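Heads up, the thing below is written out as structure tokens.
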């Protein structure tokens with residue numbers, strides 16, 4: 064009986080430890096990570112198990128980038144995307160195989176190879192975040208706010224995701240429309 068109790072206690076601890084570790088890692092990124100603004104064009108889906116969220120597509124993912132180094136055709140390979148500020152939004156300094164040693168902000172991203180020659184490749188990246196979760200019932204309203212902006216009614220209101228980046232990990236802190244949080248728009 065004592066051994067069964069010990070095994071049961073260890074299983075209980077493991078069930079709490081795994082989500083706690085994941086949540087703790089994301090909270091650390093939100094606290095200590097460097098903020099970057101990623102231009103976005105959202106779509107609103109619904110997941111019956113996880114609730115409503117805004118599916119995000121980023122302009123940075125539609126950009127062709129040069130990856131210098133040994134060519135390969137392994138789509139989905141993880142690479143480091145070194146970030147820099149370009150007119151207030153996240154831009155790419157370079158794509159490389161290893162994390163930077165100088166402390167520069169970077170993200171681990173999946174790589175899709177478009178074109179390859181002897182010493183470089185034209186690549187497309189998939190950012191590691193693509194959803195912003197909302198309270199139940201707020202997804203359609205968020206979509207309406209974004210549609211209003213995209214249809215030219217408020218063209219001066221750029222939409223972007225405020226993302227915190229730390230040690231290759233990125234966490235979406237907020238979805239912004241015209242420098243206001245989507246939560247402020249929804250409260251109106």
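Residue numbers (my numbering): 64 to 251.
Glycine included, C-beta positions come from ideal geometry on N, C-alpha and C.
Quantities reported herein were computed from a predicted structural model and do not represent experimental measurements.
Exposed or buried, which one is residue i when buried takes at least 16 other CB atoms within 10 Å?
i, result
"residue 147", "exposed"
"residue 83", "exposed"
"residue 195", "buried"
"residue 123", "buried"
"residue 69", "exposed"
"residue 99", "buried"
"residue 243", "exposed"
"residue 202", "buried"
"residue 227", "buried"
"residue 205", "buried"
"residue 174", "buried"
Using a Cβ-Cβ distance cut-off of 8 Å, determine whether residue i contacts chain C.
i, result
"residue 97", "Of the protein chains in the structure, only one exists, and it is not chain C."
Over the uninterrupted beta strand (DSSP E) stretch that includes residue i, give me the two end residues.
i, result
"residue 123", "Taken as a continuous stretch (DSSP letters only), residue 123 belongs to no beta strand (DSSP E), as it is neither H nor E."
"residue 154", "152-159"
"residue 165", "From DSSP, residue 165 is part of no beta strand (DSSP E); its letter is neither H nor E."
"residue 148", "140-149"
"residue 233", "232-240"
"residue 279", "Here the chain covers residues 64 to 251 and nothing more, so residue 279 does not appear."
Could you give the first and the last residue of the continuous alpha helix (DSSP H) run that contains residue i?
i, result
"residue 247", "245-250"
"residue 65", "65-95"
For residue i, which of helix, strand or coil comes out of DSSP?
i, result
"residue 191", "coil"
"residue 202", "helix"
Could you round the C-beta distance between residue i and residue j to whole angstroms and report it? I think they count as a contact, below 8 Å.
i, j, result
"residue 224", "residue 101", "5 Å"
"residue 172", "residue 144", "5 Å"
"residue 96", "residue 229", "4 Å"
"residue 130", "residue 158", "4 Å"
"residue 207", "residue 103", "So it is not a contact: roughly 16 Å between Cβ atoms."
"residue 191", "residue 233", "6 Å"
"residue 128", "residue 188", "7 Å"
"residue 160", "residue 142", "6 Å"
"residue 247", "residue 115", "About 18 Å separates the two Cβ atoms, so there is no contact after all."
"residue 241", "residue 162", "No, residue 241 and residue 162 are not in contact; Cβ-Cβ is about 34 Å, not under 8 Å."
"residue 149", "residue 238", "About 20 Å separates the two Cβ atoms, so there is no contact after all."
*Any chance the region 76-89 sits against the region 160-172, with 3 or more Cβ pairs inside 8 Å?*
With a cut-off of 8 Å, the region 160-172 and the region 76-89 do not count as touching, because too few Cβ pairs lie within range.
*Can at least three beta-carbon pairs, one atom from the region 71-79 and one from the region 186-201, be found at a separation below 8 Å?*
Result no; under three Cβ-Cβ pairs closer than 8 Å.
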